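Down below is the structure, laid out as structure tokens.
Number of protein chains: 2
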Amino acid sequence: MNILIVEDEKRLANALKQILLEQKYMADVVYDGNDALDYGLSGIYDLIILDIMIPYRDGYEVAYELRKNKIETPILMLTAKDAVSDKVTGLNRGADDYMTKPFAPEELLARVKALTRRRGEVIIDEADFGDFNFNASTSTLTKGSKSVHLNFKEAEILKLLIANRDIILSKEDIITKVWGYDSDAGSNNVEAYISFLRRKLNFVNSSTEIKAIKKVGYRLENKG
Amino acid sequence: MNILIVEDEKRLANALKQILLEQKYMADVVYDGNDALDYGLSGIYDLIILDIMIPYRDGYEVAYELRKNKIETPILMLTAKDAVSDKVTGLNRGADDYMTKPFAPEELLARVKALTRRRGEVIIDEADFGDFNFNASTSTLTKGSKSVHLNFKEAEILKLLIANRDIILSKEDIITKVWGYDSDAGSNNVEAYISFLRRKLNFVNSSTEIKAIKKVGYRLENKG
DNA sequence: CTTCAACTATAAGTATGTTCATAATAAGCC
DNA sequence: GGCTTATTATGAACATACTTATAGTTGAAG
Numbered sequence: 003m004n005i006l007i008v009e010d011e012k013r014l015a016n017a018l019k020q021i022l023l024e025q026k027y028m029a030d031v032v033y034d035g036n037d038a039l040d041y042g043l044s045g046i047y048d049l050i051i052l053d054i055m056i057p058y059r060d061g062y063e064v065a066y067e068l069r070k071n072k073i074e075t076p077i078l079m080l081t082a083k084d085a086v087s088d089k090v091t092g093l094n095r096g097a098d099d100y101m102t103k104p105f106a107p108e109e110l111l112a113r114v115k116a117l118t119r120r121r122g123e124v125i126i127d128e129a130d131f132g133d134f135n136f137n138a139s140t141s142t143l144t145k146g147s148k149s150v151h152l153n154f155k156e157a158e159i160l161k162l163l164i165a166n167r168d169i170i171l172s173k174e175d176i177i178t179k180v181w182g183y184d185s186d187a188g189s190n191n192v193e194a195y196i197s198f199l200r201r202k203l204n205f206v207n208s209s210t211e212i213k214a215i216k217k218v219g220y221r222l223e224n225k226g
Numbered sequence: 003m004n005i006l007i008v009e010d011e012k013r014l015a016n017a018l019k020q021i022l023l024e025q026k027y028m029a030d031v032v033y034d035g036n037d038a039l040d041y042g043l044s045g046i047y048d049l050i051i052l053d054i055m056i057p058y059r060d061g062y063e064v065a066y067e068l069r070k071n072k073i074e075t076p077i078l079m080l081t082a083k084d085a086v087s088d089k090v091t092g093l094n095r096g097a098d099d100y101m102t103k104p105f106a107p108e109e110l111l112a113r114v115k116a117l118t119r120r121r122g123e124v125i126i127d128e129a130d131f132g133d134f135n136f137n138a139s140t141s142t143l144t145k146g147s148k149s150v151h152l153n154f155k156e157a158e159i160l161k162l163l164i165a166n167r168d169i170i171l172s173k174e175d176i177i178t179k180v181w182g183y184d185s186d187a188g189s190n191n192v193e194a195y196i197s198f199l200r201r202k203l204n205f206v207n208s209s210t211e212i213k214a215i216k217k218v219g220y221r222l223e224n225k226g
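Protein chains in written order, with the working numbering: chain A, 3 to 226; chain B, 3 to 226.
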């Protein structure tokens, strides 16, 4: 899956690329409207993430030109939170969706997923690890007949741990991915949630453990 | 858009049909697994909402048979909340998504929308009424440079009011659609939220009013 | 044994949703 | 028009869920 990121703020552009690469998307980055148009017109992308406030041509114009040239690539527009939104109202008619900055990585990924979903593709977001099952669409952690509901942050962290079962996740990783790239959450926030998660894993009698590797991070481990 | 509802609990089946018809979907209802298969095999549906616990053949079997017969219609499975979910884990591989009962109409509609979305179709959920703009994907109510965030219930009610701009919505309607078909919320719940909404409309200096029609319901009105 | 990272209980903060009591308002009646 | 009554409006209290912050405890490595 190929994604074009159009964003002049380098820090954000890199963060976006990072987030997408980790989810096995391919991502290219350009920093202004002219390049955006060049790259976009190639038609090789499955999605274009397009900031509105960019040099040379703004996002609206890029979207408009692409559509005029019969490029049907889905466009996810990014707007600043304080931007006057009636401008948006009338103008973003080339976009398929948009979101306001700043945003949490998960929100971005959900939208990217929706926009790149192919007909017939399964939505169910259910994962197994060790002896438990985690249903992301209902945020329910189950083992046998026991279930608990996970709240948002617990669920995000558990999903991360499951997705990265083979590598050790650092607290910084977790903060960046769950709290957001510009969050100021501290490491203890992560520790607290890890603690909540362990309690719930324990509650459903799972034999899976969240192992802490000192000074490095966390990893799921399946004792059994 | 054609939807097949497979649900033996009549009350729920009717509620589902109601909800869908109001959103301009076409909906047929059948009450058991045999009929589900007959109807489903016709291939005329864009979506099948399939309860698991139904007479003759359960939902899993229906889904499996459909897929075996090359029917690619998206399937949204319904499960009871207390159903043992590891059964689900292994078996629902014919389904595209599923949700647990009971659910709020909006959750259903969101999933239906996702499953029936066509490539290139716009997701942006933004509505204008009178002088304000409401962005459903960020739950933001805006007029000019002023914005407020609406919480879930406020947003749902406002969406309802906008969508039904020409008719008067009764409190019962609102309860059914926002709180759910089996909710026991009272009319004052609605009144309270209407009050919150008016305060927020006022905060952004909108000249739009939520007009109360005594003994009947509410309607948006655009003074200006 | 000491030290530092990790752990966890608990409290405080924030957002949301519900309920209750009372105030305001409109409609019907004299 | 005033009076009565039913309905709606609203502030405040209450309840709950989630998140963050504080601080003391535990435990492993050196």
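Here a beta-carbon is modelled for each residue, glycine too, at the ideal position from N, C-alpha and C. In this text the structure is predicted, and so the values were computed from the model without any measurement.
- Note down, in chain order, each residue of its chain lying with its Cβ closer than 8 Å to the Cβ of Glu109 of chain B, except the 5 sequence neighbours on either side. Met101
_Is there a Cβ of chain B sitting closer than 7 Å to that of Lys98 of chain A, yes or no?_
Note that residue 98 of chain A corresponds to Asp in the displayed sequence, not to Lys. Judged by the 7 Å Cβ criterion, Asp98 of chain A is in contact with chain B.
Buried/exposed call for Pro107 of chain A, threshold 16 Cβ in 10 Å
buried
Helix, strand or coil: which one does DSSP assign to Asp175 of chain A?
-> helix
(message) Could you check whether Ile21 of chain B and Ile51 of chain B sit closer than 7 Å to each other, using their CB atoms as the reference points?
(response) no
_Can you check which of these residues, A:Ile212, A:Ala97, A:Asn71 and A:Ile164, is closest to Thr81 of chain A by C-alpha distance?_
A:Ala97
Review point. Which residues of chain A have a Cβ atom closer than 9 Å to the Cβ of Val114 of chain B, listed in chain order?
Key: What Val114 of chain B touches in chain A: nothing, since even the nearest Cβ is about 12 Å away.
- Message: Strictly by DSSP, which residues pair up with Phe134 of chain A?
- Response: A:Phe131
| request: Identify, in the order they occur along the chain, each residue of the same chain with its Cβ nearer than 8 Å to the Cβ of Asp184 of chain A, setting aside the five sequence neighbours on each side. | output: Pro104
If you check the beta carbons only, do Leu143 of chain A and Leu152 of chain A fall under 7 Å apart? yes
- prompt: Using the rule of at least 16 other Cβ atoms within 10 Å of the residue's Cβ for burial, across every protein chain shown, is Ser189 of chain A buried or exposed?
  reply: exposed
According to DSSP, is Leu6 of chain B part of a helix, a strand, or is it coil?
strand
Fill in: Rounded distance between the beta-carbons of Glu9 of chain B and Asp53 of chain B, thought under 8 Å
5 Å
Practice prompt. Check whether the segment 200-212 of chain A touches the segment 127-145 of chain A, counting contact only when three or more Cβ pairs, one atom from each stretch, lie closer than 8 Å.
Written response: yes
Which word fits Gly42 of chain B, buried or exposed, when buried means at least 16 other C-beta atoms lie within 10 angstroms of its C-beta? buried
Requested in this report: Determine the direct distance from the alpha carbon of Glu24 of chain A to that of Val31 of chain A, and round the result to whole angstroms.
Outcome: 15 Å
- For Arg59 of chain A, which residues from the same chain have a beta carbon less than 6 Å from its beta carbon, with the 5 sequence-adjacent residues on both sides left out? Gly35
Enclosing beta strand (DSSP E) for Leu160 of chain A [first to last residue] | It is not in any beta strand (DSSP E) - Leu160 of chain A instead sits in the alpha helix (DSSP H) that spans Phe154 to Ala165.
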